[in-house]
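Heads up: the sequence shown begins at 2 in the numbering used here, then just goes up one per residue.
To start, the structure under review is shown below, and the notes come after it.
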Amino acid sequence: MRVLFSYDFWVVASGAALLAAIAAVIGCFSVYRGQSLIGDALGHASYPGVVLFFMLFRTRNPLILCLGAAASAAVSYALILWLQGEKKLAPDAVLATVLAGMFGLGMVLKTFIQGNPAFRNASQSGLRVYIFGSAAFMTKRDVWLLLLGALLLAGLLYFFRRPLQYSSFDPGYAASLGIPERLMGTVMLCLTVAVIALGIRTVGAVLISAFLLLPCVAASQCAKTLSAVLRFAVAMAVCSALLGCAVSTSMAGISTGPMIIVCMGVFTLAAFLFRLGKERG
2 MRVLFSYDFW
12 VVASGAALLA
22 AIAAVIGCFS
32 VYRGQSLIGD
42 ALGHASYPGV
52 VLFFMLFRTR
62 NPLILCLGAA
72 ASAAVSYALI
82 LWLQGEKKLA
92 PDAVLATVLA
102 GMFGLGMVLK
112 TFIQGNPAFR
122 NASQSGLRVY
132 IFGSAAFMTK
142 RDVWLLLLGA
152 LLLAGLLYFF
162 RRPLQYSSFD
172 PGYAASLGIP
182 ERLMGTVMLC
192 LTVAVIALGI
202 RTVGAVLISA
212 FLLLPCVAAS
222 QCAKTLSAVL
232 RFAVAMAVCS
242 ALLGCAVSTS
252 MAGISTGPMI
262 IVCMGVFTLA
272 AFLFRLGKER
282 G
C-alpha cells in the first residue's frame with residue numbers, strides 16, 4: 002500500500018484521470034449524436050499517422066507522433082464521410098472498412114521500417130507503445146501536456162455547449178435557431194481527434210475508444226438529464242482511472258491502461274444491473 006502514496010503513482014494516476022475525464026465528456030456528445038463507434042474507428046485509424054510521422058521526422062518525440070495520429074484520424078474521418086455519402090455501404094460497414102484498412106496500413110508501415118536499412122539508426126522501440134499504450138510510464142511532462150490539452154478541450158466544449166446540446170438532441174430545432182450542423186460536426190471532429198491524439202500514447206490506439214464510450218453508457222443507465230449524465234460519466238471515468246492505476250501498481254504484471262478499461266467495464270455492468278433492478282423493483 003505504501004506505493005499508492007508515492008510520487009510516481011500520483012503522476013500516473015493524475016494523468017490517467019485527466020484523460021479519462023475529458024474523454025468522458027466528449028464521448029457523451031459523440032454517443033448522443035449517434036456516433037458511438039466513431040471513436041473506435043478513429044482510434045485504430047490514428048496509428049498509421051504515428052508510424053508515418055516517425056518515418057518522416059526520424060524521431061519518437063511524443064508531440065510529433067501525436068500530431069501524426071491526429072492527422073491520420075482526420076483524414077480517416079473525411080474518408081468515412083465520403084464513403085457514407087456514396088450511399089452504397091451501410092454506416093457500420095464503412096466504419097469497419099476504414100478501421101481495419103487504416104490499422105492494417107499502420108502495421109504494414111511498422112513492419113516495413115523494421116526491415117529497412119534506411120531506418121537502422123532510428124530507434125523504433127517506442128512505436129509499439131501507441132498500439133497498446135504505456136500509462137504506467139507516464140512522466141510529469143506527459144501530465145502537463147494532458148492538463149494543457151484537457152483545459153483547451155474543456156474551454157472549447159464550454160464555448161459550444163449550447164449549440165452542441167441542441168444539435169445532438171434536436172437537429173431540427175437547432176437548424177431553426179440558425180445553428181449550422183456542419184460546423185457542429187467539425188467541432189465534434191476536432192474534439193474527438195484531439196482527445197485521441199492526447200490519449201493514444203497512454204492507452205493505445207486499440208483501447209482509446211473505451212475511454213470515449215463506456216463512461217457515457219454507464220452514466221445513461223443512472224441519470225436522465227444531460228448535465229447529470231456528464232457529471233456521472235466524469236466521476237465514473239476518474240474513479241476507474243484511479244482504481245485501475247492502484248490495482249496495476251499494487252499487483253505485478255498488470256498493465257495500467259487495460260486495467261482502467263476493466264474497471265470502466267465493471268462500473269458499466271454495475272450501472273446496467275442497477276437500472277435493471279430498479280425497473281423490476
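Every residue gets a Cβ at the ideal spot worked out from N, C-alpha and C, and that includes glycine.
Are the Cβ atoms of Ala238 and Pro216 separated by less than 8 Å?
-> Position 237 of the sequence shown, counting from 1, holds the residue named residue 238. Position 215 of the sequence shown, counting from 1, holds the residue named residue 216. Taking 8 Å as the cut-off, the Cβ atoms of Ala238 and Pro216 count as close.
Run of the alpha helix (DSSP H) containing Gln166, from where it starts to where it stops | What you label residue 166 is simply residue 165 of the sequence shown in a count that begins at 1. Arg162 to Phe170 is the extent of the alpha helix (DSSP H) around Gln166.
Collapsed DSSP secondary structure at Ser256 in the structure displayed | The residue given as residue 256 occupies position 255 in the sequence shown. Ser256 carries a coil assignment under DSSP once its states are collapsed to helix, strand and coil.
Among His45, Asn117 and Ala234, the one whose alpha carbon lies nearest that of Cys223 | Mapped onto the sequence shown, residue 223 falls at position 222. Of His45, Asn117 and Ala234, the residue nearest in Cα terms is Ala234.
Assess, as a yes-or-no matter, whether the segment 88-95 is touched by the segment 198-217 under the definition of 3 or more beta carbon pairs within less than 8 Å.
-> Judged by pairs of C-beta atoms under 8 Å, the segment 198-217 does not touch the segment 88-95, as fewer than three such pairs exist.
DSSP-derived helix/strand/coil call for Lys225 = Position 224 of the sequence shown holds residue 225. It is coil, neither helix nor strand.
Can you round the beta-carbon distance between Ala42 and Ser77 to whole angstroms, since I take them to be within the 8 Å contact cut?
-> Taking the sequence shown and counting its residues from 1, one reaches residue 42 at position 41. Taking the sequence shown and counting its residues from 1, one reaches residue 77 at position 76. Indeed they touch by this definition, with Cβ atoms about 7 Å apart.
Buried or exposed for Met185, please, with buried defined as at least 16 other CB atoms from any protein chain shown within 10 angstroms of its CB.
-> As a working note, residue 185 is residue 184 in the sequence shown. Label assigned to Met185: buried.
What is the rounded straight-line gap between the Cα of Glu182 and the Cα of Thr193?
-> Mapped onto the sequence shown, residue 182 falls at position 181. Mapped onto the sequence shown, residue 193 falls at position 192. Between the alpha carbons of Glu182 and Thr193 lies a distance of about 16 Å.
For the segment 63-73 and the segment 3-22, state whether three or more C-beta atom pairs, one from each stretch, are separated by less than 8 Å.
-> With a cut-off of 8 Å on Cβ pairs, the segment 63-73 is not in contact with the segment 3-22, counting fewer than three such pairs.
In chain order, what residues of the same chain have a beta carbon less than 7 Å from the beta carbon of Cys205, not counting five sequence neighbours either side?
-> As a working mapping, residue 205 is identified with position 204 in the sequence shown. The sequence shown places Gly at residue 205, rather than the Cys named in the question. Around Gly205: Tyr131, Ile132, Phe133, Gly134 and Gly258.
Which term fits Tyr159, buried or exposed, when burial requires 16 or more other beta carbons within 10 angstroms of its beta carbon?
-> The sequence position of residue 159 within the sequence shown is 158, counting from 1. Taking all protein chains shown into account, Tyr159 has fewer than 16 neighbouring C-beta atoms within 10 Å of its C-beta and is therefore exposed.
By Cβ distance below 6 Å, which residues in the same chain neighbour Leu190 in space, the five residues on each side in sequence not counted?
-> Counting from one through the sequence shown, the residue named residue 190 turns up at place 189. Cβ-Cβ distances below 6 Å link Leu190 to Tyr78 in the same chain, with the five nearest sequence neighbours on each side left out; the list follows chain order.
Would Thr203 pass as a contact of Met108 if the rule is Cβ separation under 8 Å?
-> What you label residue 203 is simply residue 202 of the sequence shown in a count that begins at 1. What you label residue 108 is simply residue 107 of the sequence shown in a count that begins at 1. Not a contact, by the Cβ cut-off of 8 Å.
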